[in-house]
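Undergrad: Here it is: the structure, laid out below.
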Amino acid sequence: MALSGLEIFKLLPKTNCGECGVPTCLAFAMKLAQKKAELDQCPYASDEAKAALGAASEPPIRLIKIGSSPPLQIGDETVMFRHEKTFYHQPGLGIELHTSENQENLRSQIKQVEDYQIERVGEMLKADLFLVTHDSDETQDLLATLNLIKQVSTKGVILNSRDKKALRAGLELLQDESPAILLSQEVEDEDIKLAQDYEASLILTSHSLENLAQQAEKVLQAGVKNIILNPDSDNIGQLLQYYTITRRSALNQNFKPFGFPLFTLLRTDNQFSLSAKDAVVICKYSSIVIFPKFDPALFYPFFTLRQNIYTD
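Heads up: the sequence shown begins at 12 in the working numbering, then just goes up one per residue.
Here is the structure:
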């Protein structure tokens, strides 16, 4: 049974130190009761409080941050439908960059994304992320692409590489910038070690929800909590089903392996299929959506859709 704010307050140190980010212990207790904070944020919580509250105080869907100035915040959602309360964090939109492309093309794409901003009803709409896919042979290509991004942008970066040495070099370059690692294969111990060493989020991928849950369990048991889920499918209907099941399992059944934000990578040359899939995942629970390339004709309507869904 869930504890009330006052019951939680009795277990807190009552110092009102403010180090948790709110001014009083009572206010922090209320946030814990609403699953809008975690007990780890209190530096003075006793072992008794940790034992009594434990996982019960964690939000049903973990808040994840990517990037640093300012970070993209995703997750921390509490309802299936917006009319029940609200949706809190808009999905981050970004594009995929390939290290196999020449530097001038990459520079041009990065500049286009960085320069494209639209003001609509008082809000500045813009892209949030770059996914860098290392599909060339040289580690230097990955590092050069990351340096191009760092020269002109402060957006968050997701790394996608099967070369673990290149991945480590890329993470070294992005230290203190809260990057994420996209795994296209099942998570390995070395991936977990990289996430721990560089405080990176892990994006777990699978075509099976059962396997995805097993991967998440493995990562959680290793002590890594910053997880993003990629239940992948080329079929829009099945993808919607996957996303709905993971969200419902996290919120209604408190199933911890699915208590994380969702990731979508769009890879198709068919504009109609891409648009349909993107519209579905923005409306239904995706927290990160990556486009295959920059196209203002696509970005503008989906900026607008995102704003409409996440504005009360």
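The beta carbon of each residue, even a glycine, is placed where N, CA and C say it ideally should be.
Rounding to the nearest angstrom, what Cα-Cα distance links I293 and F141 in this structure?
TA: Distance between the alpha carbons of I293 and F141 is about 18 Å.
Undergrad: Would you grab the beta carbon distance between L194 and T216 for me? Rounded to a whole angstrom, and I think it's under 8 Å.
TA: Indeed they touch by this definition, with Cβ atoms about 6 Å apart.
Undergrad: For R179, collect the residues of the same chain with a Cβ closer than 7 Å to its Cβ; drop the 5 residues on either side in sequence, then sort them by chain order.
TA: Excluding positions up to five away in sequence, the list reads L205.
Undergrad: Starting from T156, trace the beta strand (DSSP E) in both directions and tell me its first and last residue.
TA: That residue, T156, is in no beta strand (DSSP E); its alpha helix (DSSP H) goes 150-163.
Undergrad: Compare the beta carbon distance of L184 and L159 with 8 Å and say whether it is the shorter of the two.
TA: Not a contact, by the Cβ cut-off of 8 Å.
Undergrad: Do the stretch 198-214 and the stretch 88-103 meet, that is, are 3 or more Cβ pairs less than 8 Å apart?
TA: No, because fewer than three Cβ pairs between the stretch 198-214 and the stretch 88-103 fall closer than 8 Å, the two stretches do not touch.
Undergrad: Using the beta-carbon count (16 or more within 10 Å), is P34 buried or exposed?
TA: Exposed, by the Cβ-count rule.
Undergrad: If you check the beta carbons only, do I239 and I299 fall under 8 Å apart?
TA: Their beta carbons are under 8 Å apart, which means I239 touches I299 by this criterion.
Undergrad: Which partner residues of T275 appear in the DSSP bridge assignment?
TA: V300, per the DSSP bridge assignment.
Undergrad: Buried or exposed: G105, going by 16 or more other Cβ atoms within 10 Å of its Cβ?
TA: Buried, by the Cβ-count rule.
Undergrad: Would you call G270 buried or exposed, if buried means 16 or more other Cβ atoms sit within 10 Å of its Cβ?
TA: By the neighbour-count rule (16 or more Cβ atoms within 10 Å), G270 is buried.
Undergrad: Residues bridged to K137 by DSSP?
TA: Answer by DSSP bridge pairing, in chain order: Q128.
Undergrad: Here's the rule I'm using: 16 or more other beta-carbon atoms within 10 Å means buried, otherwise exposed. How should S119 be labelled?
TA: Exposed.
Undergrad: Between L64 and the rest of its own chain, which residues show a CB-CB distance below 6 Å, the 5 nearest in sequence each way excluded?
TA: Closer than 6 Å at the Cβ level, and outside the excluded window around L64, lie L50.
Undergrad: Report the three-state DSSP secondary structure of K76 (helix, strand or coil).
TA: Of the three classes helix, strand and coil, the one that applies to K76 here is strand, per DSSP.
Undergrad: Give the DSSP-derived three-state secondary structure of M12 in the structure shown.
TA: Confidence in M12 is poor, its pLDDT being 47 and thus under 50, which makes the residue's placement too unreliable to answer from.
Undergrad: Is the Cβ-Cβ distance between K166 and D148 less than 8 Å?
TA: Not a contact, by the Cβ cut-off of 8 Å.
Undergrad: Could you tell me the distance, in whole angstroms, from the CA atom of K329 to the CA atom of K25?
TA: With the chain covering 12 to 323 only, the question about residue 329 has no answer from this structure.
Undergrad: One question on the structure: do L273 and P303 come within less than 8 Å of each other, judged by their Cβ atoms?
TA: The answer is no: Cβ separation not under 8 Å.
Undergrad: Measure the alpha-carbon distance for L231 versus P82 and round it to whole angstroms.
TA: L231 and P82: Cα-Cα distance of roughly 23 Å.
Undergrad: Going by the DSSP bridge assignment, what does A191 pair with across the sheet?
TA: A191 pairs with I169, S212.
Undergrad: Return the chain-ordered list of same chain residues with a C-beta closer than 8 Å to the C-beta of Q84, the five sequence neighbours on each side being excluded.
TA: L74, I75, K76, H100.
Undergrad: What are the boundary residues of the beta strand (DSSP E) that includes L108?
TA: Looking at the DSSP string, the run of the beta strand (DSSP E) that includes L108 is 103-109.
Undergrad: Please classify Y253: is it buried, with 16 or more other beta-carbons within 10 angstroms of its beta-carbon, or exposed?
TA: Counting Cβ neighbours within 10 Å, Y253 comes out buried, since at least 16 surround it.
Undergrad: According to DSSP, simplified to helix, strand and coil, what is N241?
TA: In the structure shown, N241 sits in a strand (DSSP, three-state: E or B).
Undergrad: Pull up the distance between the alpha-carbon of M91 and that of D323, whole angstroms please.
TA: Cα to Cα, the separation comes out at about 15 Å.
Undergrad: On a Cα-Cα basis, can you pick out the residue from K46, G29, E59, A56 that is closest to P70?
TA: The shortest Cα separation from P70 among K46, G29, E59, A56 belongs to K46.
Undergrad: Between A191 and K42, what straight-line distance do the alpha-carbon atoms span, to the nearest angstrom?
TA: Looking at the two C-alpha atoms, the distance is approximately 27 Å.
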